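Here the structure is laid out as structure tokens; the discussion comes afterwards.
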Amino acid sequence: MALSPDSMSQKIALISVASGAIALLLVCVGIGTPNWYLEYTTISGSNYYKSESANFFYSCSFASDGSFNQCINREDGLTYYPYDASAAWMNDFSDRMRNAAGLCIVGILFLAIGVVLTLVMTFIYLPKWLNLLPPALLFLACLFMLAGMAEGARFLSYNGYSANLFQTGHLLTMFALFLCAFAAGRIYFSRTTSDRVNTVQK
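The opening residue of the sequence shown carries number 1 in the UniProt record's numbering; numbering runs sequentially from there.
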């Protein structure tokens with residue numbers, strides 16, 4: 001007979017789902033907004049304004065009154081990035097940005113799938129080994145997002161709110177991983193014990 005997981009495992013898994021969902025929202029907003037790197041220009045004395053901002057995909061410029069000027073795709077050159085677009089190492093930095101973006105996106109996909117499967121695991125008694133899949137996916141999400149941030153840090157200085165959002169999402173993903181792994185372990189060993197009892201009774 002297919003039973004649902006025990007109530008304690010369900011509660012732990014639901015907290016993991018909530019944490020993962022919030023993490024997913026934060027990393028999506030973080031990766032999509034251009035404020036990973038901010039550059040400020042001095043007007044006079046102690047007065048300054050945000051003149052440039054960038055993420056892994058594009059960069060933007062702003063006027064001295066704070067109004068928006070334009071955004072440029074990274075593939076069209078590294079304008080408004082920390083290094084001059086005409087520098088000899090431009091291709092290397094562009095490749096690093098591409099790699100960082102790809103790693104972060106793959107991490108976000110693993111996070112999304114992991115959250116969905118954790119929700120499924122909460123209410124459905126999956127085959128024993130499938131209960132270990134959600135924490136494995138969340139673990140991969142943590143690894144890929146961390147690798148993406150590390151690769152991007154070779155070129156960008158993370159001094160904007162977008163990077164803070166993504167880093168907070170990564171932290172919540174690790175918290176979701178811990179809870180998901182704990183709940184999955186409870187469900188797995190509960191199922192193993194149940195199978196042994198049924199085998200002995202037969």
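Just so it is clear, CB atoms sit at the ideal spot from N, CA and C, and this is done for glycine as well. Just so we're clear, the structure is a prediction, and the values are computed from it rather than from any experiment.
| query | result |
| --- | --- |
| Which of helix, strand or coil DSSP assigns to LEU130 | helix |
| Same chain, Cβ closer than 7 Å to SER51, neighbours up to 5 away in sequence not counted | GLU39, TYR40, THR41, SER61, PHE62 |
| Proximal residues to ARG96 (C-beta, below 8 Å), its chain only, five neighbours per side dropped | GLU151, GLY152, ARG154, PHE155 |
| Extent of the continuous alpha helix (DSSP H) run through ALA100 | 90 to 123 |
| Start and end residues, alpha helix (DSSP H) containing LEU25 | 7 to 32 |
| Nearest to LYS11 (by Cα), restricted to the options THR122, ASN164, THR168 | THR122 |
| LEU38, enclosing beta strand (DSSP E) - first and last residue | 37 to 44 |
| Residues of its chain near ILE43, where Cβ-Cβ distance is below 8 Å and the 5 sequence neighbours each way are ignored | TYR49, SER64 |
| Where the beta strand (DSSP E) through ASN159 begins and ends | ASN159 -> no beta strand (DSSP E), and no H or E assigned at all. |
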